[in-house]
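A.B. asks: From first to last, the protein sequence lines are chains A and B. Counting from 16, one number per residue, gives the positions in the first sequence under the numbering used here. Counting from 16, one number per residue, gives the positions in the second sequence under the numbering used here. The C-beta atom is built at its ideal place from N, Cα and C for all residues, glycine as well. Dumping the structure here so I can ask a few things about it.
Number of protein chains: 2
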Amino acid sequence: MNWIGDLTALLGTSKVTDNETVLQHHSHDESYHQAVLPDVVVFPESTDDIVQVLQFANYHRIPVVPFGAGSSLEGHTVPVQHGISVDLTNMHQILEIRPNDFLACVEPGVTRKQLNEQLRRFGLFFPVDPGADATIGGMAATGASGTTTVRYGAMRDNVRSLTVVLADGRVIETGSLASKSSSGYNLTHLFVGSEGTLGVISKIWLRLYGLPQKEVAARAQFHSVAECVNASVALISAGIPAARLELVSPRIMNAINQYSHTSYDEVPTLFIAFHGNEGSIDTDVALAQEILTDEGCITVDFESETDARNTLWSARHTAAPAFMHQHPGKGHMTTDVCVPLSKLPAAISFAEQMMAEYNVEGGIVGHVGDGNFHVSMAVNPQDSEQLKRAEAFNEALVKHALEAGGTCTGEHGVGLGKKKYQSLEHGDALDVMRSIKFALDKLGIMNPGKLVDTDK
Amino acid sequence: MNWIGDLTALLGTSKVTDNETVLQHHSHDESYHQAVLPDVVVFPESTDDIVQVLQFANYHRIPVVPFGAGSSLEGHTVPVQHGISVDLTNMHQILEIRPNDFLACVEPGVTRKQLNEQLRRFGLFFPVDPGADATIGGMAATGASGTTTVRYGAMRDNVRSLTVVLADGRVIETGSLASKSSSGYNLTHLFVGSEGTLGVISKIWLRLYGLPQKEVAARAQFHSVAECVNASVALISAGIPAARLELVSPRIMNAINQYSHTSYDEVPTLFIAFHGNEGSIDTDVALAQEILTDEGCITVDFESETDARNTLWSARHTAAPAFMHQHPGKGHMTTDVCVPLSKLPAAISFAEQMMAEYNVEGGIVGHVGDGNFHVSMAVNPQDSEQLKRAEAFNEALVKHALEAGGTCTGEHGVGLGKKKYQSLEHGDALDVMRSIKFALDKLGIMNPGKLVDTDK
Numbered sequence: 016m017n018w019i020g021d022l023t024a025l026l027g028t029s030k031v032t033d034n035e036t037v038l039q040h041h042s043h044d045e046s047y048h049q050a051v052l053p054d055v056v057v058f059p060e061s062t063d064d065i066v067q068v069l070q071f072a073n074y075h076r077i078p079v080v081p082f083g084a085g086s087s088l089e090g091h092t093v094p095v096q097h098g099i100s101v102d103l104t105n106m107h108q109i110l111e112i113r114p115n116d117f118l119a120c121v122e123p124g125v126t127r128k129q130l131n132e133q134l135r136r137f138g139l140f141f142p143v144d145p146g147a148d149a150t151i152g153g154m155a156a157t158g159a160s161g162t163t164t165v166r167y168g169a170m171r172d173n174v175r176s177l178t179v180v181l182a183d184g185r186v187i188e189t190g191s192l193a194s195k196s197s198s199g200y201n202l203t204h205l206f207v208g209s210e211g212t213l214g215v216i217s218k219i220w221l222r223l224y225g226l227p228q229k230e231v232a233a234r235a236q237f238h239s240v241a242e243c244v245n246a247s248v249a250l251i252s253a254g255i256p257a258a259r260l261e262l263v264s265p266r267i268m269n270a271i272n273q274y275s276h277t278s279y280d281e282v283p284t285l286f287i288a289f290h291g292n293e294g295s296i297d298t299d300v301a302l303a304q305e306i307l308t309d310e311g312c313i314t315v316d317f318e319s320e321t322d323a324r325n326t327l328w329s330a331r332h333t334a335a336p337a338f339m340h341q342h343p344g345k346g347h348m349t350t351d352v353c354v355p356l357s358k359l360p361a362a363i364s365f366a367e368q369m370m371a372e373y374n375v376e377g378g379i380v381g382h383v384g385d386g387n388f389h390v391s392m393a394v395n396p397q398d399s400e401q402l403k404r405a406e407a408f409n410e411a412l413v414k415h416a417l418e419a420g421g422t423c424t425g426e427h428g429v430g431l432g433k434k435k436y437q438s439l440e441h442g443d444a445l446d447v448m449r450s451i452k453f454a455l456d457k458l459g460i461m462n463p464g465k466l467v468d469t470d471k
Numbered sequence: 016m017n018w019i020g021d022l023t024a025l026l027g028t029s030k031v032t033d034n035e036t037v038l039q040h041h042s043h044d045e046s047y048h049q050a051v052l053p054d055v056v057v058f059p060e061s062t063d064d065i066v067q068v069l070q071f072a073n074y075h076r077i078p079v080v081p082f083g084a085g086s087s088l089e090g091h092t093v094p095v096q097h098g099i100s101v102d103l104t105n106m107h108q109i110l111e112i113r114p115n116d117f118l119a120c121v122e123p124g125v126t127r128k129q130l131n132e133q134l135r136r137f138g139l140f141f142p143v144d145p146g147a148d149a150t151i152g153g154m155a156a157t158g159a160s161g162t163t164t165v166r167y168g169a170m171r172d173n174v175r176s177l178t179v180v181l182a183d184g185r186v187i188e189t190g191s192l193a194s195k196s197s198s199g200y201n202l203t204h205l206f207v208g209s210e211g212t213l214g215v216i217s218k219i220w221l222r223l224y225g226l227p228q229k230e231v232a233a234r235a236q237f238h239s240v241a242e243c244v245n246a247s248v249a250l251i252s253a254g255i256p257a258a259r260l261e262l263v264s265p266r267i268m269n270a271i272n273q274y275s276h277t278s279y280d281e282v283p284t285l286f287i288a289f290h291g292n293e294g295s296i297d298t299d300v301a302l303a304q305e306i307l308t309d310e311g312c313i314t315v316d317f318e319s320e321t322d323a324r325n326t327l328w329s330a331r332h333t334a335a336p337a338f339m340h341q342h343p344g345k346g347h348m349t350t351d352v353c354v355p356l357s358k359l360p361a362a363i364s365f366a367e368q369m370m371a372e373y374n375v376e377g378g379i380v381g382h383v384g385d386g387n388f389h390v391s392m393a394v395n396p397q398d399s400e401q402l403k404r405a406e407a408f409n410e411a412l413v414k415h416a417l418e419a420g421g422t423c424t425g426e427h428g429v430g431l432g433k434k435k436y437q438s439l440e441h442g443d444a445l446d447v448m449r450s451i452k453f454a455l456d457k458l459g460i461m462n463p464g465k466l467v468d469t470d471k
């Protein structure tokens, strides 16, 4: 059956392609997961276009995989059962900014940097900042977070309302624009983090924040990663409202220096941001300095100049590409456990121990204020022995985190890579997830093979 | 069939009763909704007891209604189809407090005041404070919030993980103890606010906060409610991190004075709380004072003494009982719309206008920092003409709020009273809620008649 011809006739030739290069581009994400080509890529320009695609796909039982910037890290966008890759980057309009309500409405293909550029003139910003310049739709679907989560929350905390096209083409709006609601089941938080397995997000209302009156950035250097982690826990426990609290290991500091042409000391380092008003920020900084010193900090450098701060944070944001840059041709595997704060020191020292035990080379970065850290590894997907060791290491970390009451993924999502841990993490709650998946996508066309299977 | 006898044999006589007084107590909540007697009341003492009740009820298709403090305001706990009222107040243990993780684990019958008494010695508190001393289980099931939501969030923001007994007796744990997670569908936020229609909550992990280093309370008096509301919007827009921002109308100030033996001026008043450290709070207070003056405030009194602050906030918390105390024998009906902040001034002035038009007597209180306000009305449920007018007034407010992008209920929940607005508010998303309800409670035994119907 020539369904691609039918789909092209339905949407118009400008929105559908099976060009080899475009298929290649939609066959992978930024991770080590094996690429798989979709049969076709569509570029909807409106919610109605998405409705047409899904009605068509549902009727013909063709798998549908939503695609944004392709920056996911667990194979979310890999069309493992082929079918239609729905590229949402042509839906890139910022539809509305409401400064007085601290709200913006965007199409799913808008990226976080694009949005923040437009928000600046209103004195506003959207805080969630994963490493990549991801699309807002992708960030919502993944349940992403970033370096500012410790202060401003993750996507789930900052998505106010969604328009979603369901598997059968029905369009729903979730939630409202009110800052809180007890009206009905919370569908917004169900679709955030559902990774395209329940529907395609076609519009997003986001919560915004006023740009802080004053910002200070600090780099605090320590003798050991353990000291770094203990200092972070001490800062959070003391109630210091850090806006960012990032651990970077020497291995990653080295990659950052090479990649960003910086010359930071290659020692265990905490990158800290303070946001506040004139009155509060001095108090916070002074108290932080005291705690850092007590915790054995070698030196701490404060940057209140905008340029120096920007250099520092953009260097931190390039940690993952910087690390991969040192390993050309390799695939990126990264762990993503998140644990209660008091369990973080043990989790990170366990990770260091296991790296030695499994003979894995990796660099640690951590959103330590959230209890979340990553071990970045460069793996050769063709080297099955190396891949196996890296996966065994990952699994050891996940089990350790689950025993500590944590989660296998703090912010990267389940996708393909964390699916094998879902039963261990959720127990019988996984059956409830399966029931919900089945209730909303009876034919299993939405991003099949990811997050949860209905055919257990 | 003598199922009550069988249930008694199953659980033991100490946990089951059909004593008339006890049935009466479980036939209503604190609202105007018509009382209905359950057939029997059970008092589980453990998750296992709840499992037994639900397996029994599911097998015999008997309705089950969870019951906590009975302080709901939309008839949530009224067993409209009779059956089993599951009173959870004998499950009142605080199971664990983890100061270093800012977490506590409680049984559903623990009340918010009971919890805060135990937390104080750790320098911690749980912020969500609805008017009543509700149970934590009830607050989670309702998706409650309170006066501190503007700063600390609602229940949904502060429940980390739940143990839930499903309709068929399966027990699941939702979420994890990590501060963020992208692992699987977010079931925690689905059960928070599900009003006992998807399962019975048997254990709750809550997020805690450090007691603020310094607190200041303020009472700002205005010539009109409109000025009060505009001043609140100005404070929020200026980024003042008020911990509470409460509007009280003259009618309610009068009720508070009579009930709490206070002598506050009976004029439109903003009650404001500031939480912070020495450095920040003075800056916040000074800036707030400037804005309040610009907005036409008559006087503003600051209280930094603990006793004066406590008197002020406990007076504010008694607003609803104080108002009802002036109307003996009447039932309490309260509106609960919540709108985006910029729409709040128009919504409140619309409410005042409609009170005149519908000849409704009521008092306004508002969590104005959240865009949420209530009109408290004392109605005689036997006076159908009066009830009809009050309901028509309520409906006019809801429609106005929905047109402004808001919600029919900011914090009281749907229950019986807001069910008629669910279709208007959620459109086709209501069908998704129905699918989820059906997927998790096929026989419809969980709190039937509330929130959403499956038989449609």
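#1: Can you tell me which of A:ASN325, A:ASN173, A:ASP172 puts its alpha carbon nearest to the alpha carbon of ALA232 (chain A)?
#2: Against CYS423 (chain B), what residues of chain A qualify as contacts under a CB-to-CB distance less than 8 Å, listed in chain order?
#3: If the cut is a Cβ gap below 9 Å, which residues of chain B does ASP443 (chain A) touch?
#4: In this structure, does DSSP put GLY420 (chain B) in helix, strand or coil?
#5: Answer yes or no: does any C-beta atom of chain A fall closer than 8 Å to that of ILE451 (chain B)?
#6: Please determine, among A:PHE365, A:VAL215, A:GLN341, the residue with the shortest C-alpha to C-alpha distance to TYR274 (chain A).
#7: Could you give the uninterrupted runs of the beta strand (DSSP E) lying entirely in the region 199–247 of chain B, keeping only those of 3 residues or more?
#8: In angstroms, rounded to a whole number, what distance separates the CA positions of ASN292 (chain A) and GLN228 (chain A)?
#9: Counting Cβ pairs closer than 8 Å, one from the region 426–435 of chain B and one from the region 152–160 of chain B, do we hit at least three?
#10: Please list the partners that LYS345 (chain A) has in chain B, where partner means a Cβ-to-Cβ separation under 8 Å.
#11: Does chain A have any CB closer than 8 Å to the CB of CYS120 (chain B)?
#12: Since ILE187 (chain A) sits in a beta bridge, which residues does DSSP pair it with?
#13: Kindly indicate which residue of B:ALA419, B:VAL375, B:HIS75 has the alpha-carbon position closest to the one of GLU400 (chain B).
#14: In the DSSP assignment, find the beta strand (DSSP E) that holds SER450 (chain A) and state where it starts and stops.
#15: Are at least three pairs of beta-carbons, each pair with one atom in the region 208–216 of chain B and one in the region 182–190 of chain A, less than 8 Å apart?
#16: Can you round the beta-carbon distance between VAL51 (chain B) and LEU22 (chain B) to whole angstroms, since I take them to be within the 8 Å contact cut?
#17: Between VAL447 (chain B) and chain A, is there a C-beta pair that is closer than 8 Å?
#18: Between which two residues does the alpha helix (DSSP H) containing ASP63 (chain B) stretch?
#19: Go ahead and pull the three-state DSSP assignment for THR104 (chain A).
#20: Mind listing the chain B neighbours of THR178 (chain A)? Cutoff is C-beta to C-beta under 8 Å, in chain order.
#21: Along chain A, in chain order, which residues have C-beta atoms closer than 7 Å to that of VAL466 (chain B)?
#22: Using a Cβ cut-off of 9 Å, pull out every chain B residue sitting near LEU202 (chain A), in sequence order please.
#23: Are the Cβ atoms of LEU88 (chain B) and ASN201 (chain A) separated by less than 8 Å?
#24: Between LYS433 (chain B) and chain A, is there a C-beta pair that is closer than 8 Å?
#25: Taking only three categories from DSSP, how would you classify LYS471 (chain B)?
#26: Grab me the residues of VAL244 (chain A)'s own chain with a C-beta within less than 7 Å of its C-beta, minus the 5 sequence neighbours each way, in chain order.
#27: Quick one: what does DSSP say GLU440 (chain A) is sitting in, helix, strand or coil?
#28: Say whether the region 78–96 of chain A touches the region 459–467 of chain A, bearing in mind that this needs 3 or more beta-carbon pairs closer than 8 Å, one atom from each stretch.
#29: Determine whether the Cβ of ASN292 (chain B) lies closer than 8 Å to any Cβ atom of chain A.
#30: Take GLY225 (chain A) and list the residues in its own chain whose beta-carbon comes closer than 7 Å to its own, dropping the five residues that flank it on each side.
#31: Using only the alpha-carbon positions, how far apart do PHE237 (chain B) and VAL143 (chain A) sit?
#32: Output the distance between the C-alpha atoms of THR164 (chain B) and ASP385 (chain B), rounded to the nearest integer angstrom.
#33: 8 Å is my cut-off, CB to CB: does GLU426 (chain A) come that close to chain B?
#34: So, do the region 291–309 of chain A and the region 214–224 of chain A have three or more beta carbon pairs nearer to each other than 8 Å?
#35: Beta carbon of LEU439 (chain A), beta carbon of THR350 (chain A): below 8 Å?
#36: So if I threshold CB-CB distances at 9 Å, which residues from the region 346–366 of chain B count as touching chain A?
C.D. replies: Inspection of the coordinates gives the following:
#1: The sequence position of residue 232 (chain A) within the first sequence is 217, counting from 1. Checking every option, the nearest Cα to that of ALA232 (chain A) belongs to A:ASN325.
#2: Position 408 of the second sequence holds residue 423 (chain B). Chain A residues near CYS423 (chain B): SER198.
#3: Locating residue 443 (chain A) in the first sequence gives position 428, where the first residue counts as 1. Those are LEU181, ARG185, VAL186, ILE187, GLU188, listed as they occur along chain B.
#4: Translated into positions along the second sequence, residue 420 (chain B) becomes position 405. Three-state DSSP puts GLY420 (chain B) in coil, outside helix and strand.
#5: By 1-based counting over the second sequence, the position of residue 451 (chain B) is 436. Chain A contact via Cβ: present.
#6: Numbered from 1 along the first sequence, position 259 holds the residue referred to as residue 274 (chain A). The option with the nearest alpha carbon to TYR274 (chain A) is A:GLN341.
#7: 214–222, 229–236
#8: Along the first sequence, read from residue 1 onward, the residue named residue 292 (chain A) stands at position 277. Along the first sequence, read from residue 1 onward, the residue named residue 228 (chain A) stands at position 213. Cα-Cα distance, rounded: 5 Å.
#9: yes
#10: Numbered from its first residue, the first sequence carries residue 345 (chain A) at position 330. The premise fails here: LYS345 (chain A) is roughly 24 Å from chain B at the closest Cβ pair, so nothing lies under 8 Å.
#11: By one-based count along the second sequence, residue 120 (chain B) stands at place 105. Closer than 8 Å: no.
#12: Looking up residue 187 (chain A) in the first sequence gives position 172. In DSSP, ILE187 (chain A) forms a bridge with A:VAL179.
#13: By one-based count along the second sequence, residue 400 (chain B) stands at place 385. Nearest C-alpha to GLU400 (chain B): B:VAL375.
#14: Sequence index remark: in the first sequence, residue 450 (chain A) carries index 435 (1-based). Taken as a continuous stretch (DSSP letters only), SER450 (chain A) belongs to no beta strand (DSSP E), being part of the alpha helix (DSSP H) at 444–455.
#15: no
#16: Here residue 51 (chain B) refers to the residue found at position 36 of the second sequence. Here residue 22 (chain B) refers to the residue found at position 7 of the second sequence. Incorrect: roughly 19 Å between the Cβ atoms, too far for contact.
#17: Taking the first residue of the second sequence as 1, we reach residue 447 (chain B) at position 432. Judged by the 8 Å Cβ criterion, VAL447 (chain B) is in contact with chain A.
#18: Here residue 63 (chain B) is taken as the residue at index 48 of the second sequence, counted from 1. Element bounds for ASP63 (chain B): 62–75.
#19: Your numbering for residue 104 (chain A) matches position 89 in the first sequence. Residue state, collapsed to three classes: coil.
#20: The residue you call residue 178 (chain A) lines up with position 163 of the first sequence. In chain order: nothing, as chain B lies at least about 10 Å away.
#21: For the purposes of this step, residue 466 (chain B) is taken as the residue at position 451 of the second sequence. The displayed chain sequence assigns Leu, not Val, to residue 466 (chain B). The answer, in chain order, is GLY199.
#22: Taking the first sequence and counting its residues from 1, one reaches residue 202 (chain A) at position 187. Chain B residues near LEU202 (chain A): LEU205, HIS441, ALA444, VAL447, MET448, ILE451.
#23: Residue mapping note: residue 88 (chain B) aligns to position 73 of the second sequence, counting from 1. Residue mapping note: residue 201 (chain A) aligns to position 186 of the first sequence, counting from 1. Contact: no.
#24: As a working note, residue 433 (chain B) is residue 418 in the second sequence. Yes, because at least one Cβ of chain A sits closer than 8 Å to the Cβ of LYS433 (chain B).
#25: Taking the first residue of the second sequence as position 1, residue 471 (chain B) is located at position 456. Confidence in LYS471 (chain B) is poor, its pLDDT being 45 and thus under 50, which makes the residue's placement too unreliable to answer from.
#26: In the first sequence, counting from the first residue as 1, residue 244 (chain A) sits at position 229. Cβ within range, chain order: LEU262, LEU359, PRO360, ILE363, VAL383.
#27: Working through the first sequence from its first residue, we reach residue 440 (chain A) at position 425. Helix at GLU440 (chain A).
#28: yes
#29: Start at 1 with the first residue of the second sequence, and residue 292 (chain B) comes out as number 277. By this cut-off, ASN292 (chain B) is an interface position.
#30: Numbered from its first residue, the first sequence carries residue 225 (chain A) at position 210. For GLY225 (chain A), where only same-chain residues beyond five positions count, the Cβ hits under 7 Å are GLY138, LEU139.
#31: For the purposes of this step, residue 237 (chain B) is identified with residue 222 of the second sequence, where counting begins at 1. For the purposes of this step, residue 143 (chain A) is identified with residue 128 of the first sequence, where counting begins at 1. Taking the straight line from one Cα to the other gives about 39 Å.
#32: Numbered from 1 along the second sequence, position 149 holds the residue referred to as residue 164 (chain B). Numbered from 1 along the second sequence, position 370 holds the residue referred to as residue 385 (chain B). About 7 Å.
#33: The sequence position of residue 426 (chain A) within the first sequence is 411, counting from 1. Judged by the 8 Å Cβ criterion, GLU426 (chain A) is in contact with chain B.
#34: no
#35: Here residue 439 (chain A) is taken as the residue at index 424 of the first sequence, counted from 1. Here residue 350 (chain A) is taken as the residue at index 335 of the first sequence, counted from 1. No, they are not a contact pair.
#36: ASP351, VAL352, CYS353, VAL354, PRO355, LEU356, SER357, LYS358
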